[in-house]
Structures are given as C-alpha cells and as structure tokens.
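Numbering (the working numbering), first residue to last: 11 to 110.
Inspection log for the structure reproduced underneath, given as structure tokens.
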C-alpha cells in the first residue's frame, strides 16, 4: 500500500481498533462515513490511519508518534483524497460486513 524508508506498510483494521477510535473521538465511525459520504474528518482520518498502520516488512504494528509522523508525511506526498480513499477502502476490505 505504502513504502516508507524501504519498509512496506499497510493498514489493518479489526473491530477492536474501530471501538478504540470511536471511544477516543466519541463518534460512530459508520455514522460519520454515512453523513460525510465517505469523506472523513481530518481527526478521524488520522486516528484510523494511526491505529491501523502495520509494517509488513518487519511484521510489526506502528503506533504513537511514529505512526502520526508517517501519516503527516504521506498526507503531504499522497494528498488527503488518496489517504482517505486508502483508509475507507481498507475498512471495506477488512470489515466489509459493516457496509452491507
């Protein structure tokens, strides 16, 4: 999905990660996606990206400040629309039952 400093990174989502983001931001992710027609707020996009970030080269999750730094860097390189599309697309892939 993304290559940063020679490492392959992807997003991985599960129910626990979604619950964590919803608790932190006090929002329903599905409600936000529905109301915004799939365009996430900046804070929700960053939260989802950072909790879902995974290094497939090293087989480790990336968390905290490092995940935020990667988000900011990729946002500048790829643009908001592309990052949003990657997050929403991966949510649909990993948690497709939420979108039925």
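Every residue gets a Cβ at the ideal spot worked out from N, C-alpha and C, and that includes glycine.
Note that the coordinates shown come from a computational prediction; the quantities given were computed from them, not determined experimentally.
Query - Contact the segment 50–62 vs the segment 76–93: 3+ CB pairs below 8 Å - result: Per the Cβ contact rule, the segment 50–62 is in contact with the segment 76–93 (3 or more Cβ pairs under 8 Å).
Requested in this report: Specify the secondary structure class of residue 70 as computed by DSSP and reduced to three states.
Outcome: Here residue 70 refers to the residue found at position 60 when the chain shown is read from its first residue. In this structure, residue 70 counts as strand in the three-state DSSP scheme.
Report task. Can you grab the Cα-Cα spacing for the pair residue 11 / residue 22, in whole Å? Result -> Looking up residue 11 in the chain shown gives position 1. Looking up residue 22 in the chain shown gives position 12. Between the C-alpha atoms of residue 11 and residue 22 there is a straight-line separation of about 11 Å.
Query - Euclidean distance between Cα positions of residue 88 and residue 49 - result: Stepping through the chain shown from its first residue, residue 88 is reached at position 78. Stepping through the chain shown from its first residue, residue 49 is reached at position 39. Straight through space, the alpha carbons of residue 49 and residue 88 are spaced by roughly 16 Å.
**Report entry** Same chain, Cβ closer than 7 Å to residue 102, five either side skipped, listed in chain order
**Finding:** Translated into positions along the chain shown, residue 102 becomes position 92. Here the set comprises 109.
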